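Everything below concerns the one structure shown next.
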Ligand code: PAF
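Here's what the structure looks like:
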């Protein structure tokens with residue numbers, strides 16, 4: 001496994017791989033790797049000749065009052081984990097390499113980045129789109145792998161790739177969960193014992209929403225969201241940022257559920273903001289309007 005620190009070296013390596021007509025799979029990360037990341041890397045390793053992982057905590061996707069400084073960093077632990085699977089190259093640039101003095105370009109992804117998480121994290125998705133565009137130009141992958149846990153991010157990235165004409169396939173992989181349903185996230189490390197127990201409410205609320213739609217056939221989104229909110233609010237340390245039911249392609253809010261939807265939630269558990277989602281296909285030909 002090679003560790004590359006400069007853009008020039010990374011581009012030269014990727015060009016050589018492409019010149020040999022080999023495929024490149026790419027997993028962009030901010031490090032603090034967990035089983036969710038590892039599942040993306042396994043898939044990238046299986047499906048490509050070369051698998052490249054980037055580790056870069058991207059400053060421009062954090063707001064001024066967010067956790068950029070505290071974000072968990074553990075490069076030694078990360079490299080250890082990577083050595084156990086098929087990863088050929090780790091691209092690990094520093095801030096100055098990615099954003100040299102005077103850097104001022106940014107990608108504006110538009111309204112899809114201003115709803116859901118974007119409503120409370122202003123500029124976050126423009127920061128994500130900017131760094132992913134840069135990384136794609138540096139790594140030049142054929143396939144790029146992202147986790148469904150960050151569902152809005154996957155919608156943003158698909159839009160970026162399509163609208164800026166990157167010749168890259170975006171592959172969204174299933175959310176990896178702990179034994180009790182909590183979605184794997186680098187931020188889970190912030191939770192104390194009591195908060196870790198309380199954090200299962202996200203998955204429980206999503207499963208409730210899914211059950212009301214897919215088993216009970218309910219279609220009234222407001223009713224379903226209220227049931228989910230009641231469950232979350234019954235928990236000891238949870239504070240809802242949003243509970244939304246949206247279309248899977250453009251994240252538009254749904255009132256009557258008639259086609260597959262994404263149930264998306266963001267909840268603060270203590271000081272830690274966690275997100276999760278479930279996509280449900282429903283039982284639409286038979287869906288009813290009743291509420292019990
Ligand atoms: O999901 C993440 O870890 C980050 O948002 C990403 C895609 C690596 C961009 O910094």
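Residue numbers (the numbering used here): 1 to 292. Beta carbons: idealized from backbone N, C-alpha and C, even for Gly. Please read all numbers here as calculations on a predicted model, not as lab measurements.
What residue range does the beta strand (DSSP E) around residue i cover?
{"i": "residue 115", "result": "Segment: none, residue 115 is in no beta strand (DSSP E) and carries neither H nor E."}
{"i": "residue 48", "result": "Segment: none, residue 48 is in no beta strand (DSSP E) and carries neither H nor E."}
{"i": "residue 61", "result": "Where residue 61 is concerned, there is no enclosing beta strand (DSSP E), given that its DSSP letter is neither H nor E."}
{"i": "residue 169", "result": "169 to 173"}
{"i": "residue 27", "result": "24 to 29"}
I need the boundaries of the alpha helix (DSSP H) containing residue i, first residue and last residue.
{"i": "residue 154", "result": "151 to 163"}
{"i": "residue 17", "result": "7 to 19"}
{"i": "residue 3", "result": "Careful: residue 3 lies outside any alpha helix (DSSP H), inside the beta strand (DSSP E) at 2 to 4."}
{"i": "residue 194", "result": "193 to 198"}
{"i": "residue 300", "result": "Since the first residue of the chain shown is 1 and the last is 292, residue 300 is not available in this structure."}
{"i": "residue 257", "result": "No alpha helix (DSSP H) contains residue 257, which DSSP labels as neither H nor E."}
State the beta-bridge partners of residue i as determined by DSSP.
{"i": "residue 320", "result": "Residue 320 lies beyond the stretch modelled for the chain, which goes from 1 to 292, so this question has no answer here."}
{"i": "residue 244", "result": "264"}
{"i": "residue 281", "result": "According to DSSP, which records beta bridges pairwise, residue 281 is partnered with nothing at all."}
{"i": "residue 74", "result": "None, per the DSSP bridge assignment."}
{"i": "residue 212", "result": "None; residue 212 has no bridge partner."}
{"i": "residue 276", "result": "265"}
- Query: Counting pairs of Cβ atoms below 8 Å between the stretch 268 to 275 and the stretch 192 to 205, do you hit three or more?
  - Reply: Touching, yes.
- Tell me, please, whether the stretch 232 to 244 touches the stretch 170 to 179 by the rule of three or more beta-carbon pairs shorter than 8 Å. They do not touch, by the three-pair rule.
- Query: Does the stretch 92 to 111 come within contact of the stretch 49 to 64, defined as at least 3 CB pairs closer than 8 Å?
  - Reply: By the Cβ test, the stretch 92 to 111 is in contact with the stretch 49 to 64, since at least three Cβ pairs between them sit closer than 8 Å.
- Query: Does the stretch 118 to 127 touch the stretch 60 to 69, meaning 3 or more C-beta pairs lie closer than 8 Å?
  - Reply: Two segments are said to touch when three or more pairs of C-beta atoms, one from each, lie closer than 8 Å; by this definition the stretch 60 to 69 touches the stretch 118 to 127.
- Query: Would the stretch 221 to 233 and the stretch 179 to 189 be scored as touching if the rule is three or more Cβ pairs under 8 Å?
  - Reply: By the criterion of at least three beta-carbon pairs nearer than 8 Å, the stretch 221 to 233 is not in contact with the stretch 179 to 189.
- Completely contained beta strand (DSSP E) runs for the stretch 86 to 147, where each covers 3 or more residues: 89 to 91 and 143 to 147, all fully within the stretch 86 to 147.
- Message: For the structure I just gave you, are there three or more beta carbon pairs, one from the stretch 256 to 264 and one from the stretch 206 to 216, closer than 8 Å?
- Response: The stretch 256 to 264 is in contact with the stretch 206 to 216.
- Do the stretch 106 to 114 and the stretch 12 to 28 meet, that is, are 3 or more Cβ pairs less than 8 Å apart? In this structure the stretch 106 to 114 does not touch the stretch 12 to 28; the number of beta carbon pairs closer than 8 Å is below three.
- Item | the stretch 133 to 142 in contact with the stretch 67 to 74 per 3-pair CB rule at 8 Å | The stretch 133 to 142 vs the stretch 67 to 74: no contact.
- Task: Tell me, please, whether the stretch 144 to 161 touches the stretch 128 to 136 by the rule of three or more beta-carbon pairs shorter than 8 Å.
- Result: In the pairwise beta carbon analysis, the stretch 144 to 161 is classified as touching the stretch 128 to 136: at least three pairs are separated by under 8 Å.
- Item | Cβ contact (3+ pairs, closer than 8 Å) linking the stretch 4 to 20 and the stretch 36 to 44 | No: fewer than three Cβ pairs fall under 8 Å.
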